[in-house]
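Beneath this line is the structure, given in structure tokens, with notes to follow.
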Amino acid sequence: MNPVLSNRINNLPISATLAMAALARTLKEQGKDIISLSLGEPDFNTPDFIKEAAKKAIDDNYNSYSPVNGYLDLRQAICKKFKRDNNLNYTPDQIVVSTGAKQSLANVVLAIVNPGDEVLLPAPYWVSYDAMVNLAEGISVEIPSSIETDFKITPAQLEAAITPKTKLIFFNSPNNPSGSVYSKEEYRALADVLAKHPNIYIISDEIYEHIMYDGKAFSFAAFDDMYDRTITINGLSKAFAMTGWRLGYIGAPAFIAKACNKMQGQSTSGTNCIAQRAAIVALEAPVSRISYMVDEFKNRRSLVHKLLSEIKGFNLNLPAGAFYFFPDISYYFGKTIKGKQIENASDFSMLLLEEAYIATVSGESFGAPDCLRISYAASEDNLKEAVSRLKVLLDGI
Ligand code: PMP
Ligand code: GLU
37 MNPVLSNRIN NLPISATLAM AALARTLKEQ GKDIISLSLG EPDFNTPDFI
87 KEAAKKAIDD NYNSYSPVNG YLDLRQAICK KFKRDNNLNY TPDQIVVSTG
137 AKQSLANVVL AIVNPGDEVL LPAPYWVSYD AMVNLAEGIS VEIPSSIETD
187 FKITPAQLEA AITPKTKLIF FNSPNNPSGS VYSKEEYRAL ADVLAKHPNI
237 YIISDEIYEH IMYDGKAFSF AAFDDMYDRT ITINGLSKAF AMTGWRLGYI
287 GAPAFIAKAC NKMQGQSTSG TNCIAQRAAI VALEAPVSRI SYMVDEFKNR
337 RSLVHKLLSE IKGFNLNLPA GAFYFFPDIS YYFGKTIKGK QIENASDFSM
387 LLLEEAYIAT VSGESFGAPD CLRISYAASE DNLKEAVSRL KVLLDGI
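Residue numbering for the sequence shown follows this note's numbering, starting at 37 and increasing by one per position.
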């Protein structure tokens, strides 16, 4: 605790995903042969047709402030994308473009959560949701799940978690960190509970929508009775391998979009203009232009599933989407490995880093303390090498 700093920042945890990525980077710089399976970041280059659009935007002198909520033609392209991929009808005044889906999410939380409001987080959940709720002085209420239910919550659990103070719930399918995907029927059963509580708003984070291995992801706002209170979040980072370009967006009820626009106008203004021009070209392209990346992720998913299944104490599901495995590794708790006492997933993740030079992320900050997140957005060679190191380290334990 530093007394000069605000309570807000003193109480804010460091992003566990970014912290592990930074640690892995530092160790690499020190010459350690680190295999980084920590960060959720496609290892592909941004497709050439998108890079060309960005170069053209620079040459066309896109260099001024853009409208705070994004160029109109980009917001129109986003509306077309929502119609094409998600069967959602939005108009440009319902869209706000931001500096990554992370900012989109933070805008929404700050725009609608008051101090003391309860926010439901089906666990496991992405690390930053809880931090954003804390920044808004809301109260996170976790709804636990486990590998036995494929990391999905039930309608009864949802009903039990709702109180008169509940303001918001986060859904994220395909999910980071579990890779699980809610079917339309499963979502409908949850929507039936929410239909009885009309004051609760829903964030549907769909950033992994295209990284799906069987079938299509379903958008929560596509239920007519949920549309008016659902904020759909998406972005270019994952589907288009554009994490560093920083472009995310929302489709939302117009009054929420207006509030996010106001928030952003006092913090960062419009998103980088070059990224916005490139985003138009990316979103207007048929989804088939990026399917080669999904095909590759699918091959790696099969490979890693086969390899990890051979390791004792890794209790796995086969994720339907995203690019993470999230094994339950509680088998190792209470054991001593290489002289280190393993009490929890953070100890285990540290053991892998220090003794096998493999960077992963502990499930603790995802609200799933028995699990470990392994990103397979890495080359096949690195994935094979990582698993063989794991085998050596854990042999006979
Ligand atoms: N939501 C989820 C579930 C994520 O995993 C991430 C991390 N990429 C984000 C939102 C934020 O993505 P970005 O800010 O890169 O658009
Ligand atoms: N969302 C990615 C992850 O979960 C990137 C890191 C971050 O923004 O937290 O690893």
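Ideal Cβ placement from N, Cα and C applies to all residues, glycine included.
Being a predicted model, the structure only gives us computed values, none of them experimental.
Within 8 Å, strictly: CB atoms of Phe-254 and Lys-232: No; because the gap between Cβ atoms is not below 8 Å, this pair is not in contact.
Contact test: Lys-117 Cβ vs the ligand FAD heavy atom, cutoff 7 Å: The ligand FAD is not part of this structure, which contains only the ligand PMP and the ligand GLU.
Candidates Arg-44, Ser-164 and Ile-247: closest to Lys-138 by CA position: When only C-alpha atoms are compared, the closest one is Ser-164.
Boundaries (first-last residue) of the alpha helix (DSSP H) holding Asn-170: 163-171 is the extent of the alpha helix (DSSP H) around Asn-170.
Own chain, CB closer than 6 Å to Val-229, minus 5 neighbours either side, in chain order: The residues are Pro-191, Leu-194 and Glu-195.
When Ile-243, Phe-207, Gly-271 and Leu-171 are compared against Pro-49, the one with the closest alpha-carbon: Selected option, being the one with the closest Cα: Leu-171.
Alpha-carbon to alpha-carbon, Arg-409 and Pro-213: Spanning the two alpha carbons is a distance of roughly 6 Å.
beta-carbon Thr-53 near the ligand GLU non-hydrogen atom, thresh 7 Å: Yes.
Bridge partners - Leu-204, DSSP secondary structure assignment: Val-155 and Tyr-237, per the DSSP bridge assignment.
Buried versus exposed call for Lys-274 [16 or more other C-beta atoms within 10 Å across all chains shown]: With 16 or more Cβ atoms within 10 Å of its Cβ, Lys-274 is classed as buried.
Rounded separation between Asn-353 and Ser-324 - CA only: Per the coordinates, the alpha-carbon of Asn-353 lies some 28 Å from the alpha-carbon of Ser-324.
Residues sharing a beta bridge with Tyr-367, DSSP: Answer is none; Tyr-367 lacks a bridge partner.
Inside the region 367-405 only - beta strand (DSSP E) runs reaching at least 3 residues: Within the region 367-405, the complete beta strand (DSSP E) segments of 3 residues or longer fall at 371-373 and 376-378, listed in chain order.
Any non-hydrogen atom of the ligand PMP within 7 Å of Ile-179 CB: Result no, Cβ not under 7 Å from the ligand PMP.
Phe-359 to Asn-99 span [Cα, whole Å]: When rounded, the distance between both Cα atoms is 35 Å.
Through-space distance from Pro-210 to Pro-289, alpha-carbon basis: Rounded to whole angstroms, the gap between the alpha carbons of Pro-289 and Pro-210 is 23 Å.
Leu-157 CB to nearest heavy atom of the ligand PMP below 7 Å: Leu-157 Cβ: outside cutoff for every heavy atom of the ligand PMP.
heavy atom of the ligand PMP below 7 Å from Asp-417 C-beta: For Asp-417, the shortest separation between its Cβ and any heavy atom of the ligand PMP does not lie below 7 Å.
Residues near Phe-118 in its chain [Cβ-Cβ closer than 6 Å; skip 5 each side]: Shown here for Phe-118: same chain residues with a beta carbon closer than 6 Å to its own, the five before and five after excluded, namely Leu-124, Tyr-126 and Gly-287 in chain order.
Buried versus exposed call for Ser-181 [16 or more other C-beta atoms within 10 Å across all chains shown]: When all chains shown are included, Ser-181 counts as buried.
Inter-residue CB distance, Ser-102 and Gly-271 (contact presumed, cutoff 8 Å): 17 Å between Cβ atoms; not a contact.
Phe-256, DSSP secondary structure in three states: Assigned with DSSP and collapsed to three states, Phe-256 falls in helix.
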